[in-house]
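For the sequence shown, the numbering used here assigns the number 1180 to the initial residue and increments by one for each residue that follows.
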Amino acid sequence: MKDLENFISENIKKLVPHYDIIDLKATVTSSSLSVEFFATVNGKKNQCFQMIDDGLFTEEDFNKFSKDIANYARKLPDFNKEGLNKYNIILK
């Protein structure tokens, strides 16, 4: 899971360059994905979809970020191709 953490840590900076905490949840299957995160910036906690609505990053950039996470997770040796793969990542 450390590899996935490092991957997310590097890529989240494209959406949220400066953060105090990222709390990310992802569910990935062989054919679907769901990603959501909360970013605490300067002591204020923001939900990713609200950040899109507020214009902090685009929906297209978020979708690319989500797909990149799913594609990376699918290549991990412990990825369960037949079931749900749930990840909870906290970055500080």
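Here a beta-carbon is modelled for each residue, glycine too, at the ideal position from N, C-alpha and C.
Excluding residues up to 5 positions away in sequence, THR1206 lie with their Cβ nearer than 6 Å to the Cβ of LYS1265 in the same chain.
When Cβ pairs closer than 8 Å are counted between the two stretches, the region 1249-1268 is seen not to touch the region 1231-1238, the count staying below three. In summary, ILE1187 is buried, with 16 or more beta-carbon neighbours lying within 10 Å of its beta-carbon over all protein chains present. Taken atom to atom, the span from the alpha-carbon of SER1209 to that of LEU1255 is near 12 Å. For the options LYS1271, LEU1270, ASN1267, ASN1250, the alpha carbon positioned closest to that of SER1211 is the one of ASN1250.
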